[in-house]
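Take a look at the structure below.
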Amino acid sequence: MDGKIQQWQARQLQGILARCSTIDIPFPNARLASIALRTIQVDKELSSLVRRTLSTVSGDGSTAAGVVLRAETSLSSWK
2 MDGKIQQWQA
12 RQLQGILARC
22 STIDIPFPNA
32 RLASIALRTI
42 QVDKELSSLV
52 RRTLSTVSGD
62 GSTAAGVVLR
72 AETSLSSWK
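Okay, so the sequence shown: first residue is 2 according to the working numbering, each after it adds one.
Below, the structure is given as structure tokens:
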């Protein structure tokens with residue numbers, strides 16, 4: 002039974018990561034984005050298969066966000 006649950010969880014995770022490989026979170030300024038970045042960086046990924054990259058980038062001007070916190074995820078391998 003546990004194997005079936007793990008397979009289901011793996012399929013769900015794969016589907017989520019395929020849809021959400023990059024998430025941009027807007028912040029009004031660099032100071033707030035930096036605080037959020039440092040807060041999130043201390044958390045390790047729960048799965049060794051998932052690679053997470055966090056960075057701050059300048060807003061694209063389409064919103065009021067001055068800086069965007071970008072979280073990018075990818076799978077290192079899949080069984």
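From the three backbone atoms N, C-alpha and C, an ideal C-beta is built for every residue, glycine too.
All values reported here derive from a predicted model rather than from experimental measurement.
Check whether residue i and residue j have beta carbons under 7 Å apart
i: V68; j: T54; result: no
i: S35; j: T74; result: no
Residue i burial status per 10 Å Cβ neighbour count (16 or more: buried)
i: A31; result: exposed
Opening and closing residue of the alpha helix (DSSP H) in which residue i lies
i: S35; result: 31-42
Boundaries of the beta strand (DSSP E) in which residue i is found, first to last residue
i: E73; result: 68-76
i: L47; result: Unbroken run through L47: none, as it is neither H nor E.
Beta-carbon contacts of residue i that lie in its chain and below 7 Å, excluding the five residues immediately before and after
i: I41; result: L55
Proximity test, Cβ basis, 7 Å: residue i and chain B
i: S22; result: Given the protein chain composition of this structure (a single chain), no chain B is represented.
Same chain only: Cβ atoms within 6 Å of residue i, ignoring 5 sequence neighbours per side
i: P29; result: G67
i: R39; result: none
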